[in-house]
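To start, the structure under review is shown below, and the notes come after it.
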Amino acid sequence: MSLKSTDEPSVEDVMNNDERKRLARAWVDSGDFDQVTAEVTQMRNTNITHEMGETLKQTSGSPIITEAQDFSTCILDTDGGIVATGAYLVFHWGAAKKCLEAILEEYDEEDLNPGDGIIINHTNLGMPHKQDNGIVMPVFWEDEIVNWVWSASHIADIGGVSPGSFSPQVTDTFGEGITLPPTKLVKEGVVDEELKKVIQAQSRVPVMAFNDIRCFIGANNVARDRIHETLEENGLVQQKMYGEVSNVLTERAMRKRIEKLPDGTYTSVGWCENDGDRNKTYRIECQVIVEGDEMTIDLTNSDPQAPGPINTGPGAALGCSFTPIMLQLGYDLTLNSGLTEPVNVETREGTVPHVDEHGASGFGHLDAGHELCRLVTESLSEAIQMSEHEDIHDRAQAPYADDWSCETYAGVNQYGDPFAWLDMDGGGMGNGAQTVVDGLEAGGLSTQVGNRVSDIEWKEQSYPVIHLWRRLKENGGGPGKFRGGSGLDKAMTLWDAGSDELVGAFLAARFNLPPRGYGGGVAGSATKLIDYEDTDIKERWERGELPSAPDEFTPGSEHLTESKEAPHVMTDGKVVRHVIASGGGLGDPLTREPRRVAKDVSDGLVSVKAAKNAYGVILDDDGNVDQDATDARRDDIREQRLEEAEYPSN
Numbered sequence: 005m006s007l008k009s010t011d012e013p014s015v016e017d018v019m020n021n022d023e024r025k026r027l028a029r030a031w032v033d034s035g036d037f038d039q040v041t042a043e044v045t046q047m048r049n050t051n052i053t054h055e056m057g058e059t060l061k062q063t064s065g066s067p068i069i070t071e072a073q074d075f076s077t078c079i080l081d082t083d084g085g086i087v088a089t090g091a092y093l094v095f096h097w098g099a100a101k102k103c104l105e106a107i108l109e110e111y112d113e114e115d116l117n118p119g120d121g122i123i124i125n126h127t128n129l130g131m132p133h134k135q136d137n138g139i140v141m142p143v144f145w146e147d148e149i150v151n152w153v154w155s156a157s158h159i160a161d162i163g164g165v166s167p168g169s170f171s172p173q174v175t176d177t178f179g180e181g182i183t184l185p186p187t188k189l190v191k192e193g194v195v196d197e198e199l200k201k202v203i204q205a206q207s208r209v210p211v212m213a214f215n216d217i218r219c220f221i222g223a224n225n226v227a228r229d230r231i232h233e234t235l236e237e238n239g240l241v242q243q244k245m246y247g248e249v250s251n252v253l254t255e256r257a258m259r260k261r262i263e264k265l266p267d268g269t270y271t272s273v274g275w276c277e278n279d280g281d282r283n284k285t286y287r288i289e290c291q292v293i294v295e296g297d298e299m300t301i302d303l304t305n306s307d308p309q310a311p312g313p314i315n316t317g318p319g320a321a322l323g324c325s326f327t328p329i330m331l332q333l334g335y336d337l338t339l340n341s342g343l344t345e346p347v348n349v350e351t352r353e354g355t356v357p358h359v360d361e362h363g364a365s366g367f368g369h370l371d372a373g374h375e376l377c378r379l380v381t382e383s384l385s386e387a388i389q390m391s392e393h394e395d396i397h398d399r400a401q402a403p404y405a406d407d408w409s410c411e412t413y414a415g416v417n418q419y420g421d422p423f424a425w426l427d428m429d430g431g432g433m434g435n436g437a438q439t440v441v442d443g444l445e446a447g448g449l450s451t452q453v454g455n456r457v458s459d460i461e462w463k464e465q466s467y468p469v470i471h472l473w474r475r476l477k478e479n480g481g482g483p484g485k486f487r488g489g490s491g492l493d494k495a496m497t498l499w500d501a502g503s504d505e506l507v508g509a510f511l512a513a514r515f516n517l518p519p520r521g522y523g524g525g526v527a528g529s530a531t532k533l534i535d536y537e538d539t540d541i542k543e544r545w546e547r548g549e550l551p552s553a554p555d556e557f558t559p560g561s562e563h564l565t566e567s568k569e570a571p572h573v574m575t576d577g578k579v580v581r582h583v584i585a586s587g588g589g590l591g592d593p594l595t596r597e598p599r600r601v602a603k604d605v606s607d608g609l610v611s612v613k614a615a616k617n618a619y620g621v622i623l624d625d626d627g628n629v630d631q632d633a634t635d636a637r638r639d640d641i642r643e644q645r646l647e648e649a650e651y652p653s654n
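In my numbering, each number is its position in the sequence shown, counted from 1, plus 4.
Structure follows, in structure tokens:
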């Protein structure tokens, strides 16, 4: 054992959460521990969560898991703290913590046995939305629970009004599919077949849905076995103590960074649009309060919850609020509970950021939840810019677009089988610009660091559609000294379907309110879904043409959908174009290096017209910068700004 301390902790010490934390702090204070062992212990735990992820991908038949990696894996301590997590869905950190708290309220240790598995998808108890289902299992060692393991993912359909269970028209949770409070689905390693029947009966794709749940069980079993191997090699005392030491080291590093921010209250206000029934906005107020080495995120002054599915639950509120803090301050620190220890998130039940037990929330983690990501980013960036510490000052950034716009369909596929499908391309939004670099193109949600966009060939093999194009949107990213990342622009149509139409739903969060820029940067473009009805697309195919832009086919009519729409139908001859939100820019666009603008034009990310009007950059016929013309154009724009400016009133 790699311990320097003369007073070696006992098993009783390390199994007492408070005493273990006290001892770990004392070790770190005195330096009386082995740093290599601390790092090896943490990395071994982290690698276990990655192996859990690989197990999910190798055993699932759902593209949500295998292609998009829309899942999470965690090891938790007996008090609900995160020991390690696979970096797939960061905001599930909050879900895992809140859900385990609910499980510990429901079950005493004497009610649990090795091999038990508890399923949960209850939004008010911690899950981001009900389509996310998780299996949480205790890990026993010598008749005591020493850890909990968690696997969770979005499931293709769990019932409800609309295929795919995204239902913009509902006004409460009862239309969104089955609700599962903490329920013992697996008893001593055996699945309860009666509960399985109930769960499968709610889904439009019962076999796929429950197979994913079995995958969660399998991934957790792998984690249990690896934890047992570690305990056999290192012993319980070393494993628990060094896991806690890693938490303390992370916590102290995080506190030092928070301490470099000026004390104060930094406020940002945003809105969620269209509750699915009424196209109105709901206000969210976010206060980031810095006091010494601690931070509070206060969301209690937000609007009462909406009647539609845009509200989020406490687990997603916790995870989404914390994500920008991790990205901007804790970007290189170990992912464990030490990161969150100095941060407190305050919500008020019955508001948009904390839906009550019966409120609708099916899209809320992507709507209100990710509005929290944007607002915390803005407020935190304000504090960061006011810091006198250079290593902190450069971490300001424009918010991510963070609009995972959902496009779902159900019908009969080309093989004659019924299906329900969530198109994972909705995750291809652009990221916000930073102080030293442009935002990532199609970089995804800030919370989904391991998420991916599906392969087109795989999609067309699996579903009865064909893509006309999928590319980065021109002029999508918000102009700035550093440009926002561009989102995807894609179009598809029905192909070889076993039914005359596919029926689903569409939901977007940044449809009328685009992602904001920061520090003089311009907003990114918003999400749009455009239906081209009764096109001549098939006639063109018969002539050997493959249109790759809207002006290359002829529609009978063109229709811009609402930001929340159900049913949304794809029929024969209809082209559905989905333009996904882009990130905001940072800094004055007139300070962007002209050569960067020329490169953007060459890459198809910025048009020649936008280069001139947004950036003041003039290009010659060969695409090279005309410096004299550019200088003159930028002078003209500055003069125009002065002429149009209004003096602030006292």
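Here a beta-carbon is modelled for each residue, glycine too, at the ideal position from N, C-alpha and C.
Pair within 7 Å by beta-carbon distance, residue i and residue j
i, j, result
"Met245", "Val32", "no"
"Gly481", "Ser586", "yes"
"Val174", "Pro313", "yes"
"Thr338", "Ser450", "no"
"Lys201", "Ile162", "no"
"Ile396", "Leu492", "no"
"Ser168", "Leu426", "According to the sequence as given, residue 168 is Gly; it is not Ser. Their beta carbons are under 7 Å apart, which means Gly168 touches Leu426 by this criterion."
"Glu411", "His582", "yes"
"Val621", "Pro598", "yes"
"Val356", "Ile288", "yes"
"Met574", "Leu517", "no"
"Val190", "Ile217", "no"
"Glu375", "Gly521", "no"
Nearest-angstrom Cα separation, counted from residue j out to residue i
i, j, result
"Arg475", "Asn417", "25 Å"
"Ser76", "Ala88", "11 Å"
"Glu277", "Ile262", "32 Å"
"Val580", "Glu537", "9 Å"
"Ala91", "Gly420", "37 Å"
"Leu184", "Ile124", "5 Å"
"Ala501", "Asp115", "50 Å"
"Asp576", "Ile470", "12 Å"
"Gly447", "Phe144", "39 Å"
"Tyr651", "Gly525", "21 Å"
"Pro468", "Tyr413", "10 Å"
"Leu384", "Asp625", "43 Å"
"Glu197", "His126", "21 Å"
"Asp360", "Arg547", "56 Å"
"Ser166", "Met299", "40 Å"
"Asp630", "Arg637", "10 Å"
Residues of its chain near residue i, where Cβ-Cβ distance is below 7 Å and the 5 sequence neighbours each way are ignored
i, result
"Ala227", "Ile52, Met56, Ile79 and Val153"
"His54", "Gly90"
"Met5", "Because the pLDDT of Met5 is 43, which lies under 50, any placement of that residue in the model is unreliable, and the question is left without a value."
"Ile68", "Asp74, Ser157, His158, Ala160, Leu426 and Met428"
"Gly354", "Pro308, Gln309 and Asp360"
"Thr531", "Asp407, Ser409, Ala512, Arg514, Phe515, Val583, Ile584 and Ala585"
"Phe664", "The structure shown does not extend to residue 664, since the chain is modelled only from 5 to 654, so the question has no answer here."
Beta-carbon contacts of residue i that lie in its chain and below 6 Å, excluding the five residues immediately before and after
i, result
"Gly523", "Leu590 and Gly591"
"Trp473", "Ala495 and Ser552"
"Leu265", "Val294, Ala387 and Ser391"
"Gly489", "Gly434, Asn435, Gly443, Leu444, Glu445, Gly447, Gly481 and Gly587"
"Leu333", "Arg261"
"Tyr342", "Checking the sequence shown, residue 342 turns out to be Gly, not Tyr. So the qualifying residues of the chain are Asn251, Thr254 and Glu255."
"Tyr270", "Val292, Ser383, Glu386 and Ala387"
Whole-number beta carbon distance between residue j and residue i, since they are thought to touch under 8 Å
i, j, result
"Met131", "Asn224", "About 17 Å; that fails the 8 Å criterion."
"Gly84", "Glu113", "Contact doesn't hold; Cβ gap of about 14 Å is too wide."
"Ala527", "Arg487", "Not quite, the Cβ-Cβ distance comes to about 12 Å (not below 8 Å), so this is no contact."
"Ala402", "Gln389", "Actually they are not in contact, since the Cβ atoms of Ala402 and Gln389 sit about 12 Å apart, beyond 8 Å."
"Leu511", "Ser409", "7 Å"
"Ala509", "Glu569", "7 Å"
"Asn21", "Thr59", "At roughly 29 Å, the Cβ-Cβ gap does not stay under 8 Å, so Asn21 and Thr59 are not in contact."
Residue-level contact to chain C via CB, residue i, 7 Å cutoff
i, result
"Val202", "Of the protein chains in this structure there is only one, and it is not chain C."
Beta-carbon proximity list for residue i, same chain, < 8 Å, skipping 5 on both sides
i, result
"Asn305", "Glu289 and Gln291"
"Arg24", "Pro13, Asp17, Val18, Lys244, Met245 and Glu248"
Check: residue i C-beta below 6 Å from any heavy atom of the ligand HEM
i, result
"Lys191", "What this structure holds is no ligand at all, so the ligand HEM is not there to describe."
Segments of 4+ residues assigned as alpha helix (DSSP H) that fall wholly inside the stretch 94 to 170: 96 to 110
Quick one: which unbroken beta strand (DSSP E) runs of 3-plus residues sit fully inside the stretch 480 to 553? Chain order, please. 492 to 498, 505 to 511 and 532 to 537
Return the chain-ordered ranges of every alpha helix (DSSP H) run that is complete within the stretch 27 to 103 and spans a minimum of 4 residues. 39 to 63 and 67 to 70
Counting only runs of 4+ residues fully inside the stretch 435 to 485, write out the alpha helix (DSSP H) ranges in chain order. 460 to 466
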